[in-house]
Every structure is written in structure tokens, then in C-alpha cells.
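First the structure, in the form of C-alpha cells, and then the observations on it.
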Amino acid sequence: MRRLGIPSAVLLSSGLLALSIAACGPPSATRSAISVAEAPAKPGPMESILPFWGHRSPVDALAFGPAGEVLYSSAPGEEVIAWNPHTGLPIRKYRGDIGDKITGLVIDPKARFVAVADRHKVTFWEPLSGNKLRSVELPPGERPGDKDEEITVVTGAGNPDFLLIGDNLGRLLVVDIEKGTSQKSYRTSLGPILSLASGNTWAVLSDKKTTMVIDLTRPSVPVPVLGVLDGLGIKDLAKFDDRVVGTDDENLLFWGPDFKDNARAIKSDGMGDLKVDEAMQRALSVNGSGGLDLWDLKKKKKLDTVYENTDIPWVVAIDPTGEFVASAEQNGIAIRKIDGGPIAFDLHNAIVPQFLMFEPGTHRFLTAGNDGRPVRYDLKRPTSIEPFVQMDGPIVDGALDVDANGFYASTTQGDVVVFDYAKGKIAHTLAPDVGPRPHIALGGSRIALVSERRGLVADGKGELVVWDLVKDDALGRLNVTDAIDVEFTAATSKVFYANKAASVESWSYDNQQRKQVYDSLNSKASRLRMAPGGTMMALCGDKGVSFFNLNLDILSGAKLPNAVEVAFAYDGTRAVAATADNGVYLIYFEGDQVRTEPVVTTPTPVMTLSISSDNRFLLVGESRGTVAIFDLSQKSTKPIGTLQILDDERWVTFDPKGSFVGVPRDEIRFDVQGEIVTAVGAGYEWKRASGEIYSIFR
0 MRRLGIPSAV LLSSGLLALS IAACGPPSAT RSAISVAEAP AKPGPMESIL PFWGHRSPVD
60 ALAFGPAGEV LYSSAPGEEV IAWNPHTGLP IRKYRGDIGD KITGLVIDPK ARFVAVADRH
120 KVTFWEPLSG NKLRSVELPP GERPGDKDEE ITVVTGAGNP DFLLIGDNLG RLLVVDIEKG
180 TSQKSYRTSL GPILSLASGN TWAVLSDKKT TMVIDLTRPS VPVPVLGVLD GLGIKDLAKF
240 DDRVVGTDDE NLLFWGPDFK DNARAIKSDG MGDLKVDEAM QRALSVNGSG GLDLWDLKKK
300 KKLDTVYENT DIPWVVAIDP TGEFVASAEQ NGIAIRKIDG GPIAFDLHNA IVPQFLMFEP
360 GTHRFLTAGN DGRPVRYDLK RPTSIEPFVQ MDGPIVDGAL DVDANGFYAS TTQGDVVVFD
420 YAKGKIAHTL APDVGPRPHI ALGGSRIALV SERRGLVADG KGELVVWDLV KDDALGRLNV
480 TDAIDVEFTA ATSKVFYANK AASVESWSYD NQQRKQVYDS LNSKASRLRM APGGTMMALC
540 GDKGVSFFNL NLDILSGAKL PNAVEVAFAY DGTRAVAATA DNGVYLIYFE GDQVRTEPVV
600 TTPTPVMTLS ISSDNRFLLV GESRGTVAIF DLSQKSTKPI GTLQILDDER WVTFDPKGSF
660 VGVPRDEIRF DVQGEIVTAV GAGYEWKRAS GEIYSIFR
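The sequence shown maps to residues 0 to 697 in numbering that gives the first Met the number 0.
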């Protein structure tokens, strides 16, 4: 591989040797004091971060608006997003403090509110502005033994001024939306209520074993039960005509209208999520084969509609105007025409960058993330994209050899594939059998792999492997403990790995010599990085960043609590580090000393860093899919540009002037080609300019 060197002055040892060598056996290790730079002041916040469209985790709730013009989605711990199902583009994000479990998503039929419930509260927003209206907390239990009350399910009531809430105590609560208070509480004999539906004057609710109907027009004590199905829990309840429809996981069930009879079952091959469009008399469900079924509820039969390219959906929604169906699938939301066929719009989740990697000497870089898709970009052509074949699982690590036209990527399952870098196609697969979540490093015609799995596998193979890429065979294997990362150089036969206990070890796989040093700054470690030129390493840990040469002499350190990532500049004068509290810092090498300066505080934790060979660009890959670009020659908290993933086909670059986020009435939205979709607010003029997509003027 082409690599650039680091000036030797940077590599001056402090003279504090802390190591010993042991041939053909476990290494001995000692600790040493090092010259450490004190932590700098907290950096200022990052400016001009763009709104993010797309969820970072699987979607748990989907619902169409009453007119079918908007599709709403929500994911645990995240905001609600409104999409245009006719274009596949985002409309608005509803920001709020949402818990780690979604228990309900309710859209007001009169378009007055959008509501999402987590375990403890229901949050309401005004649909057009996106402004938060209120939060309604779950009322406490009435009995002395009641504790840890949690919302389990929420639905709209027959009267749109009320919500119905089921909880883990078996209560059915009637909540006044405007007042934010519970007007009635029906304490049933059920366990945690798992499904709930409402008629105009009644509600049907069910736990795992029993389903009952309650008369909402009568006092709550004693509970006015209209009908009971003992021994049958009905899931995904919904009103249809004067009865209810649901599923027992296997069949489509109808019950009513007088609720004195038993439920009628329509045989199916297994059913998951079930959504009903009462007006169109149809229902959509997930079948036992991982596809989608459409039902004619009036005729009580499954239609012969075929939906193509389904990928194990788990949450569905049906358009009340009869045009679309939507389903949450592997990496986002798929929208299809209701009469069948392929995906019309694919709303991908965030492609969270797990690593960023520049081609040496260029502005082109690779990024790969949690969806298994590595992609190549060019900063001088920021709207262009060169996708690679998607892998079967989330990507853990990657390495690039431009000279050999190879890009190596590993997945959580332990697969290691080699891409033809020019074509973006998989050339072949390695078979090192190193274990799950392998980290990789290239060194000439060799690759080193270390798994996060601890201990020997059954056949005696170790979890650290050096692989000969020419012979396609192992050069050596070593059993290591609690590995976190690996590095390699082409000039020697040494492999370097770090473990969780903040030690760094070298292993010569040709003569089995090993050497180990414990970091005197950190007690826990998370990342090991090699500088360009292969002459210096950095270890990130709980107290900061430590620097080593290839003899494992500890050179210096920088106190940056909970450092999670570091990247070296190609000229060897500095490095950039990121911390778990969203801080980004510059580390300057000055002889055998180091100096630190704050750069910026990012809105979300940094996932990975990379610096181009001209030291101009620092990329900060955030957990929400943003990459920010900084000029390292300028001491500014403002990025010179930001890149944002909107779908799997485009990055959009923006001029970072003005404020694009957090102000509901001053928000600008773009499509995937960078064209303005809409601008909310007044006083803005937009102009296309050379070298940027848009400039903003007051």
C-alpha cells in the first residue's frame, strides 16, 4: 500500500522503557510513567448541523394519516418522522423525549395532533408546525401494592377528544387529550393489556389468555363487561363495522356484534402485525412466510395480491385511500402499491458510519455502516456515489489496498470479503475462521485479524490470525484474551493488538517472539490506531490517548476522558481524537511532548474519524449518519461542509451558513438531488453558487 512517513522527531522516546521480551511464550509486562498533556477546556458546540431524516434503529410503529397523504413512523428512543408516500421524501420530524419502547402511535382523524406513547407517557405534537403540544404521564395505580406502572398499548377512542390507554396493571384508562388527565379508569381482571381497540361506546381489550369488551358509557366500578372470551388472547385488535377483528398469531379472528358468541376464525398460514382499513373493508398482515397478505374483510377471505421483494416485515400500515401499503422491513420502511408489485419507495434507516477511510493522496473516501453497505464518495463531486455490493451483516472493520485494487471488510458474523475496488463487486471471500466481530489490518500481502471472542475455538485455532493473501492460508495463529483491535505493518513480521485491560502486545509470527506493555495512562482501552507510514500507534482508553512506537516504547499521552477514536494527520504533526461525551480535540506533537486543543462538541457521539493526505478534511461520522468536514488549518467550530445520508443513493452537501435545525419555523428541507422541497419561515432567499449547493441570505 502507498503510505506516507511521519517525521522521526515525532517518534522521540521519553527514555522510559517498560518492557521485556520473552521468546516462544507468554510475554511479561510492566508499567511506566509517561509525559501526559492535561485535558483542555470543553470545546464549543458544532454549528450548522443539518436535520436528519431516517431512523437509527428499527421502526416499531407505522400509521397513515386520515387522508393517506402522510405516513408516520416512530422508533424507540427517537423522534416521529412524517413521510410523503407519493414521493418517498420526508416532510417533518417531531422531536421529543421518547423512551426506549414505543407502545402506541395515534394520528388524530381531525389532524389536530400526532401522538406517540412510550412506557410512561404520551407525547403530542401539532402536525403542521411540528411544535410539541404536551406530554401526558401515566397515572399511578390506585392500590397500595401497585408499582412500576407502564403503558402497554394506546389507541384512539370513538370520541376523538379522548385516548384509550392499557397498562401492565390490567387498567383501561380514558384520557382527556386537551386536559391531559384520566377521566375514567377500568380496573379489569386481566394481566398486562397487550391489545386494544375502540368502538363508539365500547372497547375490546386482551392479555395473553382472555379477551373482553367493556361498555364505556357506564361507571367504571364494577367493570361493565359486555362479553368475555376465556382462554383466547386476541392480538392486533381493530374495529370493523360493529365487531372487532384480530389474530391469535395463526388465524384471522372476527368477534361480535353482540359479543355473546365465540370468535369466528378464518384460517391463515400464520399472522404477525395486522392493520385494518374499515372504510375500504380490507386488512394487511404479515404472514408466516415473512411476506405480506391483503384481506377482504367483507368477504372474509385472503386476496391473491402478491407483494414483491418483501424482507421479513414486522410492522405494517394500510392507506385509508386505498393506494399504498407500508411495512417496516430489514433496514427501513418499504412503500408499495396496494394492488401488489415491487417496492415503490424504500425509506432507509440511517447508514451509521462505522468507519471512514480516505484513499491515500486523494479526496475519495470509503464509508461503511450498520446496514452492511460500503460506499465510496468523492469530496470534489459530493453528490456522486459509487456503491459496493451490500454484505449480509453489519460491517465491523475495513482495510484498503489501492495498489492491489482490494477493499477488505469484515462483518459481525465473522465473514471477511475482498471487494474488487474498481468494480465494487466481491472478488472472493477469506476463510480465516477467526470468530465473530473481527478487526482487520493490512500489511503488504498479509492481513491480520483478531476476533472479539475470547479463548480458543474447539479445534485449537486461536483468535488472532495472520493470513497470507497470496497463498490464501494462515501464516500463524495465536490465542489472545479480550482483544479490541489489531494493527500491522508491511515492513516487519510483527502484529500489534490491544486488549480491554489497556495493554498493547507485539507478536512476531515467524519466530513467535512476543512483547507487551501496559498503558500507564489508561486502565481500559477501546481502539488501537496506526499512523500513516506505520511508525507510531495510538491507544484510546478511559483516561485518554497514549502514543507508542513499534518497539512499544511509550512516547506520551493526552488526558481526554473516555477517548473512543483517534486519527493521525499525514504530516505527523498532530492527531485528532474524539471522546464519548461528543468532544473532538486536536493533539499536537511537539518534540517528546504533546499539547491538546478543543475543536468542537458534536450533537451526537462520534463514531469514527479520518483525515485526508492534505490535512484539510476531518470527517466526524456521527451516530445519526452525519459527516462533518473541517479545515484543520482553521481554528473554528464551524464545519466547512457537512454530508448527510437521505437514502441509499445520494449524499447531499450543504453550505453551512444559517441554522438548519432546531427552529421549527425556520427549517429547510431538500430532496435527494439537493433541490429545495420546501422552506418553512420567511426572510430567506436561496441561490445556487459555485462550489456549493445553496447559499442562504436574510
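Where is the CB? At the ideal position from N, CA and C, for every residue including glycine.
Review point. Going along the chain, which unbroken runs of the beta strand (DSSP E) with 3 or more residues stay wholly within the region 69–124?
Key: 70–73, 79–83, 88–93, 103–106, 113–116, 120–124
Point to revise | Nearest-angstrom Cβ-Cβ length linking D214 and P221, presumed shorter than 8 Å | key: Counting from one through the sequence shown, the residue named residue 214 turns up at place 215. Counting from one through the sequence shown, the residue named residue 221 turns up at place 222. That pair is no contact at about 11 Å.
**Study point:** Spatial distance of V173 from I192 (CA atoms)
**Key:** In the sequence shown, counting from the first residue as 1, residue 173 sits at position 174. In the sequence shown, counting from the first residue as 1, residue 192 sits at position 193. If you take the alpha carbons of V173 and I192, they lie about 14 Å apart.
Check your understanding: In three-state terms, what does DSSP make of R445?
Key -> On the sequence shown, position 446 is the one that residue 445 refers to. DSSP places R445 in strand when its eight states are reduced to three.
Review point. Terminal residues of the continuous beta strand (DSSP E) containing K208?
Key: Here residue 208 refers to the residue found at position 209 of the sequence shown. Run containing K208: none; DSSP gives neither H nor E here.
Point to revise | CB of T711 within 8 Å of CB of V626, strictly | key: This structure does not reach residue 711, given that the chain is present from 0 up to 697, and the question cannot be answered.
Review point. If H438 sits next to D396, beta carbons under 8 Å apart, how far is it from one beta carbon to the other, in whole angstroms?
Key: Mapped onto the sequence shown, residue 438 falls at position 439. Mapped onto the sequence shown, residue 396 falls at position 397. With 8 Å as the limit, H438 and D396 qualify as a contact, their Cβ atoms being about 5 Å apart.
Check your understanding: In whole angstroms, what separates the C-alpha of V212 from that of V244?
Key -> Reading the sequence shown from its first residue, position 213 is the one you call residue 212. Reading the sequence shown from its first residue, position 245 is the one you call residue 244. Spanning the two alpha carbons is a distance of roughly 13 Å.
Practice item. Compute the distance between the beta-carbons of V314 and A60, then report whether it is under 8 Å. Key: As a working mapping, residue 314 is identified with position 315 in the sequence shown. As a working mapping, residue 60 is identified with position 61 in the sequence shown. Contact flag set, yes.
Review point. What did DSSP end up calling G464 once you bin it into helix, strand or coil?
Key: As a position in the sequence shown, residue 464 is number 465, starting the count at 1. Here residue 464 turns out to be Val, not Gly, going by the sequence shown. Strand, per DSSP.
Review point. According to DSSP, is H54 helix, strand or coil?
Key: The residue given as residue 54 occupies position 55 in the sequence shown. Residue state, collapsed to three classes: coil.
**Study point:** Spatial neighbours of D272 in its chain, beta-carbon cut-off 8 Å, leaving aside the 5 residues before and after
**Key:** Translated into the one-based positions of the sequence shown, residue 272 becomes position 273. Excluding residues within five positions, the ones whose Cβ falls inside 8 Å are D235, S284, V285, P312, W313, V314, V315.
Review point. What residue from I80, L559, A325, S611 has the CA that sits closest to D377's CA?
Key: For the purposes of this step, residue 377 is identified with residue 378 of the sequence shown, where counting begins at 1. That would be S611, whose Cα lies nearest to the Cα of D377.
Check your understanding: Taking one C-beta from the region 416–428 and one from the region 476–489 each time, how about it: are there three or more such pairs within less than 8 Å?
Key -> no
Check your understanding: Can we count D147 as close to the ligand MN, meaning its CB is less than 7 Å from some heavy atom?
Key -> Looking at this structure, you won't find the ligand MN or any other ligand, since it has none at all.
Check your understanding: Which word fits V305, buried or exposed, when buried means at least 16 other C-beta atoms lie within 10 angstroms of its C-beta?
Key -> Looking up residue 305 in the sequence shown gives position 306. Exposed is the call here.
Practice item. Along the beta strand (DSSP E) that carries H427, what are the first and last residues, could you check? Key: As a first step, residue 427 is located in the sequence shown; it is residue number 428 there, counting from the start. Residues 424–429.
Check your understanding: Assuming E486 and M535 make a contact with CB atoms under 8 Å, what is their CB distance in whole Å?
Key -> The residue labelled residue 486 in the question sits at position 487 within the sequence shown. The residue labelled residue 535 in the question sits at position 536 within the sequence shown. Between M535 and E486 the Cβ distance is about 10 Å, and since that is not below 8 Å, they are no contact.
Review point. Comparing alpha-carbon positions, which option in G413, V401, A403 lies nearest I394?
Key: Taking the sequence shown and counting its residues from 1, one reaches residue 394 at position 395. When each option's Cα is compared against that of I394, the closest is G413.
Review point. Between S689 and the rest of its own chain, which residues show a CB-CB distance below 7 Å, the 5 nearest in sequence each way excluded?
Key: For the purposes of this step, residue 689 is taken as the residue at position 690 of the sequence shown. With a pLDDT of only 33 at S689, under the threshold of 50, the placement of this residue in the model should not be trusted; the figure read from the coordinates follows. So no residue of the chain qualifies.
Check your understanding: Is the beta carbon of V563 sitting closer than 8 Å to the one on V605?
Key -> As a working note, residue 563 is residue 564 in the sequence shown. As a working note, residue 605 is residue 606 in the sequence shown. Yes, these two residues count as a Cβ contact at 8 Å.
**Study point:** Distance, A74 Cα to G155 Cα
**Key:** For the purposes of this step, residue 155 is taken as the residue at position 156 of the sequence shown. For the purposes of this step, residue 74 is taken as the residue at position 75 of the sequence shown. Those two C-alpha atoms are separated by around 20 Å.
Review point. Is the region 353–367 in contact with the region 79–95, if contact means three or more CB pairs nearer than 8 Å?
Key: no
Review point. When DSSP labels each residue in this structure, what does L49 get in the three-state scheme?
Key: One-based indexing of the sequence shown puts residue 49 at position 50. Low per-residue confidence applies at L49: pLDDT is 41, beneath 50, and the placement is therefore not dependable, though the value from the model is reported in the following sentence. Looking at L49 - three-state DSSP - the assignment turns out to be coil, as it is neither helix nor strand.
Practice item. Check whether the Cβ atoms of P435 and L448 lie closer than 8 Å to each other. Key: By 1-based counting over the sequence shown, the position of residue 435 is 436. By 1-based counting over the sequence shown, the position of residue 448 is 449. Cβ distance not < 8 Å, so P435 and L448 don't count as in contact.
Practice item. List the residues that DSSP assigns as beta-bridge partners of G582. Key: Position 583 of the sequence shown, counted from the start, is the residue given in the question as residue 582. Paired residues: T600.
Practice item. Quick one: using the 10 Å Cβ neighbour count with 16 as the cut-off for buried, is A421 buried or exposed? Key: The residue labelled residue 421 in the question sits at position 422 within the sequence shown. Answer is exposed; the Cβ neighbour count stays below 16.
Review point. Is it a yes or a no for the region 194–203 touching the region 141–149, going by three-plus beta-carbon pairs under 8 Å?
Key: no
Exercise for review: In angstroms with no decimal places, state the Cα-to-Cα distance between L745 and A576.
Suggested key: Nothing about residue 745 can be read from this structure; the chain reaches only from 0 to 697.
Review point. How many Å lie between F616 and P531 at the Cα?
Key: Locating residue 616 in the sequence shown gives position 617, where the first residue counts as 1. Locating residue 531 in the sequence shown gives position 532, where the first residue counts as 1. Their backbone Cα atoms lie some 16 Å apart in a straight line.
Review point. Considering only C-alpha positions, which residue in the set K274, T320, K183 is nearest to V69?
Key: What you label residue 69 is simply residue 70 of the sequence shown in a count that begins at 1. The shortest C-alpha separation from V69 is found at T320.
Practice item. Just the C-alpha distance for A524 and N561, rounded to the nearest angstrom, thanks. Key: The count along the sequence shown starts at 1 and reaches residue 524 at position 525. The count along the sequence shown starts at 1 and reaches residue 561 at position 562. If you take the alpha carbons of A524 and N561, they lie about 9 Å apart.
Point to revise | Check whether P42 and V583 have beta carbons under 8 Å apart | key: Here residue 42 corresponds to residue number 43 of the sequence shown, with the count starting at 1. Here residue 583 corresponds to residue number 584 of the sequence shown, with the count starting at 1. Result yes, Cβ atoms of P42 and V583 sit closer than 8 Å.
Point to revise | R2 versus G533: straight-line alpha-carbon distance, rounded | key: Working through the sequence shown from its first residue, we reach residue 2 at position 3. Working through the sequence shown from its first residue, we reach residue 533 at position 534. Confidence at R2 is low in this model, with a pLDDT of 26, below 50, so the placement of that residue is unreliable and no value is reported for it.
Point to revise | Beta bridge counterpart(s) of S326 as assigned by DSSP | key: Residue mapping note: residue 326 aligns to position 327 of the sequence shown, counting from 1. Per DSSP, V315, A333.
**Study point:** Beta-carbon proximity list for V469, same chain, < 6 Å, skipping 5 on both sides
**Key:** Start at 1 with the first residue of the sequence shown, and residue 469 comes out as number 470. Within the same chain, V469 has close Cβ partners S444.
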